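In my numbering, the protein residues as written are 1340 to 1483.
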C-alpha cells in the first residue's frame, strides 16, 4: 500500500480499519509474558459511544468474541491489568491466563475508589479493597 508514496507530492498510503470485536473498548492488555508472542485473550475497558467506560471485558482473540464481563451500576473502572501467578512464567507448560485481573474502580455513589480483583476466566469478583479517597480516573498507572 505504500508503493509510490512520497512526502510532499500529494501521494499518501491508504489506511484501513479492522475491528477486533463487535464491542467498543479501550486500553487493551495482555499477559505481560506474551508481549511480542501469539496470545489467545486480552482484557479491556468497555467504552460505549454514549457514555464513559462502564465495564471490564475479556475477549477471545481467536474467535473475536467477548467471553467475560464485569460491570456494576454507578462505577467506572480504569485500565485492567493482568497479573500472572508466580509460577506462570509464559513457558510452554503455563496457562496464558493463569492469574488475576486488577483495576482501580471509582464508585460514584460512595465517592470512593477501590482496587478490584477478578478471576481471570469468569471475571467473578474475588475481592475489593476500598481506599478512603476518590482516585481520579486515568490510564497507565496512578502514582500517589
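Just so you know, even glycine gets a beta-carbon here, dropped at the ideal spot from N, CA and C. Here the structure is a predicted model, which is why all the values come from computation and not from measurement.
Unbroken beta strand (DSSP E) run spanning residue i, endpoints
{"i": "residue 1469", "result": "1464-1470"}
{"i": "residue 1457", "result": "1451-1458"}
{"i": "residue 1415", "result": "1414-1416"}
{"i": "residue 1445", "result": "1438-1446"}
Residues near residue i in its chain [Cβ-Cβ closer than 8 Å; skip 5 each side]
{"i": "residue 1406", "result": "1380, 1397, 1398 and 1399"}
{"i": "residue 1463", "result": "1457"}
{"i": "residue 1487", "result": "Any answer about residue 1487 is impossible in this case: the structure gives the chain only from 1340 up to 1483."}
CB contact check: residue i to chain C, cutoff 9 Å
{"i": "residue 1403", "result": "Reference to chain C is not applicable here, since this structure consists of a single protein chain."}
Rounded distance between the beta-carbons of residue j and residue i, thought under 8 Å
{"i": "residue 1391", "j": "residue 1447", "result": "The Cβ separation is near 10 Å, so there is no contact."}
{"i": "residue 1368", "j": "residue 1382", "result": "5 Å"}
{"i": "residue 1393", "j": "residue 1415", "result": "7 Å"}
{"i": "residue 1410", "j": "residue 1370", "result": "So it is not a contact: roughly 23 Å between Cβ atoms."}
Own chain, CB closer than 7 Å to residue i, minus 5 neighbours either side, in chain order
{"i": "residue 1388", "result": "1363"}
{"i": "residue 1466", "result": "1456"}
Other residues of its chain near residue i: CB distance less than 6 Å, five sequence neighbours each side excluded
{"i": "residue 1386", "result": "1363, 1364, 1365 and 1392"}
Checklist entry - Can you find at least 3 beta carbon pairs, one from the stretch 1415-1426 and one from the stretch 1434-1449, that sit closer than 8 Å? => result yes
Checklist entry - Which runs of the alpha helix (DSSP H) fall wholly inside the stretch 1357-1434 and span at least 4 residues, in chain order? => result none
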